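In what follows, a structure is listed as structure tokens, so that the remarks can point back to it.
Protein chains: 2
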Amino acid sequence: MRDGMIAPMQLTLLGTGAAGGIPLWGCTCAACCSARDEPARRRRPASAALTHAGRTFLIDAGLGDLEQRYPDGVNAFLLTHFHADHVQGLFHLRWGPGVPVPVWCPADSEGCADLFKHPGCLRFQPQAPFTVVDLGEGLTATALPLAHSKPTFGWLFADNERRIAYCTDTRGFPPATAQALRDAACTAIVLDSTYASDHPAPTGHNHVALAVDLLVASATTRGVLTHIGHECQRAIDERRENIPDHIVVANDGLVI
Amino acid sequence: MRDGMIAPMQLTLLGTGAAGGIPLWGCTCAACCSARDEPARRRRPASAALTHAGRTFLIDAGLGDLEQRYPDGVNAFLLTHFHADHVQGLFHLRWGPGVPVPVWCPADSEGCADLFKHPGCLRFQPQAPFTVVDLGEGLTATALPLAHSKPTFGWLFADNERRIAYCTDTRGFPPATAQALRDAACTAIVLDSTYASDHPAPTGHNHVALAVDLLVASATTRGVLTHIGHECQRAIDERRENIPDHIVVANDGLVI
Chain D
59 MRDGMIAPMQ LTLLGTGAAG GIPLWGCTCA ACCSARDEPA RRRRPASAAL THAGRTFLID
119 AGLGDLEQRY PDGVNAFLLT HFHADHVQGL FHLRWGPGVP VPVWCPADSE GCADLFKHPG
179 CLRFQPQAPF TVVDLGEGLT ATALPLAHSK PTFGWLFADN ERRIAYCTDT RGFPPATAQA
239 LRDAACTAIV LDSTYASDHP APTGHNHVAL AVDLLVASAT TRGVLTHIGH ECQRAIDERR
299 ENIPDHIVVA NDGLVI
Chain S
59 MRDGMIAPMQ LTLLGTGAAG GIPLWGCTCA ACCSARDEPA RRRRPASAAL THAGRTFLID
119 AGLGDLEQRY PDGVNAFLLT HFHADHVQGL FHLRWGPGVP VPVWCPADSE GCADLFKHPG
179 CLRFQPQAPF TVVDLGEGLT ATALPLAHSK PTFGWLFADN ERRIAYCTDT RGFPPATAQA
239 LRDAACTAIV LDSTYASDHP APTGHNHVAL AVDLLVASAT TRGVLTHIGH ECQRAIDERR
299 ENIPDHIVVA NDGLVI
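In order, the protein sequences belong to chains D and S.
Just so you know, we're using the working numbering here: the first sequence kicks off at 59 and counts up by one.
Just so you know, we're using the working numbering here: the second sequence kicks off at 59 and counts up by one.
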């Protein structure tokens, strides 16, 4: 197939929630109650699917229904890190008898639970920061180190037309990652925005104002806020956040 | 409330599958294909709900949709053990802001992933083997040690009328547990039956013939086979297993 015949990559956000999702179990705040009433307002574990040239790559695996969504398999996983809300969907998928599936991931000696001890059909392939993974058909994924409580990567995808970065979980960017994102002149950056801007001491994750500052500094064409917690959701619903026009708040199912 | 006014406990099997569930990801065997075609043949992670006197106790938490099934919370969890397919539903539930929830469980220094480090609303309460947990309203749960690759309990529930034992994951019974089950003269025993009887070397789990032998030896009124793997399912579908009339093969949703 000639390069010119391949449609641009497409990134679909499968989940856009912080670790507990929205609604949080037993929470009666306005954001959680409205998500119970309106399924479109639910936020599942932050994760995404990148499709390109008839292939599917999953970024993280926090959803519990991946067998039903992808019964015929996927081409590979790219993990941001090994916290449970980002890998819990692998616990049952791994026992599938199909062909081995590459799992590009940060080097993390712990992994999550017994995933490394019993990988099943998964082939974990730890990468060094800034490694460029060749996904074939002119598509690459660059591992961008992030600032989180476990070794964590953002993934910068590039095809012949676009550059899309997917960056959860992080608080700020390490300088070299910020520089790489500026240099890439990204078409879109999907970024962690777990907390409301009035959070007194965000750790491990951005709040909205910090995420907006990072996106503006990156000079991306489009910013997308994800990994949204329920307090952040309330602040957005109550119009307490100041978000520029070129930055949108994601919802589950958003296509980029 | 007088004892005589409380209805007997009711046990609902929420999931009856082995670790990978049925269908297994990417598997094209007859059992997995038919489960994709007929949702009633799906087997989710082995787990159950015990209801009694208006209260709900969950045995294991392998399902990913417990927030939607139990938005108002549950009274407690009773865990068999800390393998991922039995506890993965706790990873997001724990972040709920509601009242603390007791989690009766075996003593296991590892737990699963970071559940002990970040328990959130969960109050893990490790128990010694044969501890009798008082669940109130005349309901008790006895921790029966099982034979598995991690510290594992079966749970023997007793109210004024019935004694129901729930025993996954195990290969055989330790002698003291077999004796306790005989002494209890159980109304029903739900038992691990992961493998087909022609499995050459079952480890950590029963095959059907072993499960049947254990149930017959226990002299229970009713046996229920659960934690079914896809090879076991095929053997059952193809009528290759010899199962006495008082023993049934569970399905998701079965009420005992």
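Just so you know, even glycine gets a beta-carbon here, dropped at the ideal spot from N, CA and C.
The model shown is predicted, which means the values in this text are computed figures rather than measured ones.
- Message: Comparing C-alpha positions only, which one of D:Ala-186, D:Pro-160, D:Gln-126 and D:His-139 sits nearest to D:Asn-133?
- Response: Working through the first sequence from its first residue, we reach residue 133 of chain D at position 75. Here the closest residue by C-alpha is D:Pro-160.
- How about the stretch 202–214 of chain S and the stretch 164–180 of chain S: do they share at least three Cβ pairs that are nearer than 8 Å? yes
- Message: Need the endpoints of the alpha helix (DSSP H) that D:Asp-250 sits in, please.
- Response: Mapped onto the first sequence, residue 250 of chain D falls at position 192. That residue, D:Asp-250, is in no alpha helix (DSSP H); its beta strand (DSSP E) goes 246–250.
- Task: Compute the distance between the beta-carbons of D:Ala-317 and D:Thr-200, then report whether it is under 9 Å.
- Result: In the structure displayed, chain D extends from 59 to 314; residue 317 of chain D sits before or after that span and is not available.
- In chain order, each alpha helix (DSSP H) run of at least 4 residues that lies wholly inside the stretch 170–245 of chain D: 233–242
- May I ask which residues mark the beginning and end of the beta strand (DSSP E) holding D:His-150? For the purposes of this step, residue 150 of chain D is identified with residue 92 of the first sequence, where counting begins at 1. Note, D:His-150: premise wrong, no beta strand (DSSP E); alpha helix (DSSP H) at 148–151.
- Task: Establish whether the CB of S:Pro-258 and some CB of chain D are separated by less than 9 Å.
- Result: Start at 1 with the first residue of the second sequence, and residue 258 of chain S comes out as number 200. No, because no Cβ of chain D sits closer than 9 Å to the Cβ of S:Pro-258.
- In chain order, what residues of the same chain lie with their CB nearer than 7 Å to the CB of D:Pro-184, ignoring the 5 residues before and after it? If you number the first sequence from 1, residue 184 of chain D lands on position 126. Counting only residues of its own chain and dropping the five nearest sequence neighbours on each side, D:Pro-184 has a CB closer than 7 Å to the CB of Cys-163, Pro-164 and Ala-165.
- Message: Can you pull out the residues from the stretch 143–169 of chain D whose beta carbon lies closer than 7 Å to at least one beta carbon of chain S?
- Response: Asp-143, Gln-146, Phe-149, His-150, Leu-151, Trp-153, Gly-154, Pro-155 and Gly-156
- Query: Quick one: is D:Asp-123 near chain S, going by C-beta distance under 9 Å?
  - Reply: For the purposes of this step, residue 123 of chain D is taken as the residue at position 65 of the first sequence. For D:Asp-123, the answer is yes, since a Cβ of chain S falls inside 9 Å of its Cβ.
- Going along the stretch 78–98 of chain D in order, which residues come within less than 7 Å of chain S, judged by CB to CB distance? Gly-78, Gly-79, Pro-81, Leu-82, Trp-83, Gly-84, Cys-85 and Arg-94
- Query: Within the 9 Å Cβ cut-off, does D:Ala-119 reach chain S?
  - Reply: Taking the first residue of the first sequence as position 1, residue 119 of chain D is located at position 61. Not one chain S Cβ lies under 9 Å of D:Ala-119.
- Message: Are the CB atoms of D:Ala-111 and D:Gly-73 within a distance shorter than 9 Å?
- Response: Here residue 73 of chain D refers to the residue found at position 15 of the first sequence. Here residue 111 of chain D refers to the residue found at position 53 of the first sequence. Cβ atoms of D:Gly-73 and D:Ala-111: not closer than 9 Å.
- Task: Assign S:Asn-264 to one of two classes, buried (16 or more other C-beta atoms within 10 Å of its C-beta) or exposed (fewer than that).
- Result: Translated into the one-based positions of the second sequence, residue 264 of chain S becomes position 206. The residue in question, S:Asn-264, is buried, as its Cβ has 16 or more Cβ neighbours within 10 Å.
- Query: Can you give, in chain order, each stretch of the beta strand (DSSP E) that sits fully within the stretch 101–158 of chain S and has at least 3 residues?
  - Reply: 105–110, 113–117 and 134–136
- Whose C-beta lies closer than 8 Å to the C-beta of S:Leu-15 among residues of the same chain, with five residues either side of it excluded? Beyond the ends of chain S as shown, which are 59 and 314, falls residue 15 of chain S; an answer cannot be given.
- Message: Rounded to whole angstroms, what is the Cα-Cα separation between D:Cys-85 and S:Ala-293?
- Response: As a working note, residue 85 of chain D is residue 27 in the first sequence. As a working note, residue 293 of chain S is residue 235 in the second sequence. In a straight line, the C-alpha of D:Cys-85 is about 45 Å away from that of S:Ala-293.
- Task: Return the bridge partner residues of D:Trp-162 from the DSSP annotation.
- Result: Counted from its first residue, the first sequence places residue 162 of chain D at position 104. Its beta-bridge partners are D:Leu-136 and D:Gln-183.
- Query: Can you name the residues of chain S whose CB is closer than 9 Å to the CB of D:Gly-131?
  - Reply: Reading the first sequence from its first residue, position 73 is the one you call residue 131 of chain D. The contacting residues are Trp-83 and Gly-84.
- Cβ-based burial, S:Glu-125 [other Cβ within 10 Å; buried from 16]: Position 67 of the second sequence, counted from the start, is the residue given in the question as residue 125 of chain S. Buried is the call here.
- Message: Using beta carbons (cut-off 9 Å, strictly below), is S:Met-59 in contact with chain D?
- Response: Translated into the one-based positions of the second sequence, residue 59 of chain S becomes position 1. Here the model assigns S:Met-59 a pLDDT of 45, short of 50, so the residue's position is not dependable, and the following value carries that caveat. For S:Met-59, the nearest beta carbon of chain D is not closer than 9 Å to its own beta carbon.
- Task: Could you name the residues of the same chain whose beta carbon sits closer than 6 Å to that of S:Glu-230, not counting the 5 residues immediately before and after it, in chain order?
- Result: For the purposes of this step, residue 230 of chain S is taken as residue 172 along the second sequence, with counting starting at 1. Residue identity differs from the one stated: residue 230 of chain S is Gly in this sequence, not Glu. Closer than 6 Å at the Cβ level, and outside the excluded window around S:Gly-230, lie Ala-205.
- Counted within 10 angstroms of its Cβ, other Cβ atoms place S:Gly-311 as buried (16 or more) or exposed: Position 253 of the second sequence, counted from the first residue, corresponds to residue 311 of chain S. By the neighbour-count rule (16 or more Cβ atoms within 10 Å), S:Gly-311 is not buried but exposed.
- Message: Which same chain residues end up closer than 6 Å to S:Leu-326 when comparing Cβ atoms and leaving out the 5 residues on each side of it in sequence?
- Response: One cannot answer for residue 326 of chain S here, as it falls past the ends of chain S, which runs 59 to 314.
- Query: Can you list, in chain order, the residues of its chain whose CB lies under 7 Å from that of S:Pro-187, leaving out five sequence neighbours each side?
  - Reply: Taking the first residue of the second sequence as position 1, residue 187 of chain S is located at position 129. Sequence-distant partners of S:Pro-187 (beyond 5 residues in either direction) whose C-beta falls short of 7 Å from its own C-beta, in its chain, are Ala-201 and Pro-203.
- Determine the chain S residues that contact D:Asp-172 at a beta-carbon separation under 8 Å, and present them in chain order. Your numbering for residue 172 of chain D matches position 114 in the first sequence. Within chain S, the residues near D:Asp-172 are His-141 and Ala-142.
- Going straight from the alpha carbon of S:Ile-247 to that of D:Val-307, what length do you get? Within the second sequence, residue 247 of chain S is the residue found at index 189, counting from 1. Within the first sequence, residue 307 of chain D is the residue found at index 249, counting from 1. Between S:Ile-247 and D:Val-307, the C-alpha separation is close to 50 Å.
- Task: Let me know the secondary structure DSSP gives S:Ile-301 once reduced to three states.
- Result: Your numbering for residue 301 of chain S matches position 243 in the second sequence. In the structure shown, S:Ile-301 adopts coil according to DSSP, grouped into three states.
- Message: When you compare the CB of S:Tyr-253 with every CB in chain D, is at least one pair closer than 9 Å?
- Response: On the second sequence, position 195 is the one that residue 253 of chain S refers to. False, the Cβ-Cβ gap to chain D never drops below 9 Å.
- Item | S:Cys-87 versus D:Thr-278: straight-line alpha-carbon distance, rounded | On the second sequence, position 29 is the one that residue 87 of chain S refers to. On the first sequence, position 220 is the one that residue 278 of chain D refers to. So the alpha carbons of these two residues sit roughly 47 Å apart.
- What is the rounded straight-line gap between the Cα of S:Pro-177 and the Cα of D:Ala-76? Your numbering for residue 177 of chain S matches position 119 in the second sequence. Your numbering for residue 76 of chain D matches position 18 in the first sequence. Distance between the alpha carbons of S:Pro-177 and D:Ala-76: 16 Å.
- Span separating the alpha-carbon of D:Asp-95 from that of D:Trp-83: As a working note, residue 95 of chain D is residue 37 in the first sequence. As a working note, residue 83 of chain D is residue 25 in the first sequence. Going by the C-alpha atoms only, they are around 14 Å apart.
- Query: For the putative contact between S:Ile-80 and S:Gln-237, defined by C-beta atoms under 8 Å, what is the C-beta separation to the nearest angstrom?
  - Reply: Here residue 80 of chain S corresponds to residue number 22 of the second sequence, with the count starting at 1. Here residue 237 of chain S corresponds to residue number 179 of the second sequence, with the count starting at 1. S:Ile-80 to S:Gln-237, Cβ: 33 Å. No contact.
- In chain order, what residues of the same chain lie with their CB nearer than 6 Å to the CB of S:Thr-189, ignoring the 5 residues before and after it? Position 131 of the second sequence, counted from the start, is the residue given in the question as residue 189 of chain S. Taken in chain order, the residues that qualify are Ala-201.
- Message: Am I right that D:Ser-251 and D:His-288 are in contact with their C-beta atoms under 8 Å? What's the rounded C-beta distance?
- Response: As a position in the first sequence, residue 251 of chain D is number 193, starting the count at 1. As a position in the first sequence, residue 288 of chain D is number 230, starting the count at 1. Their Cβ separation, rounded to whole angstroms, is 13 Å, which puts D:Ser-251 and D:His-288 out of contact at 8 Å.
- Message: If we define contact as Cβ-Cβ less than 9 Å, is S:Cys-179 a contact residue for chain D?
- Response: In the second sequence, the residue the question calls residue 179 of chain S occupies position 121. Chain D contact via Cβ: present.
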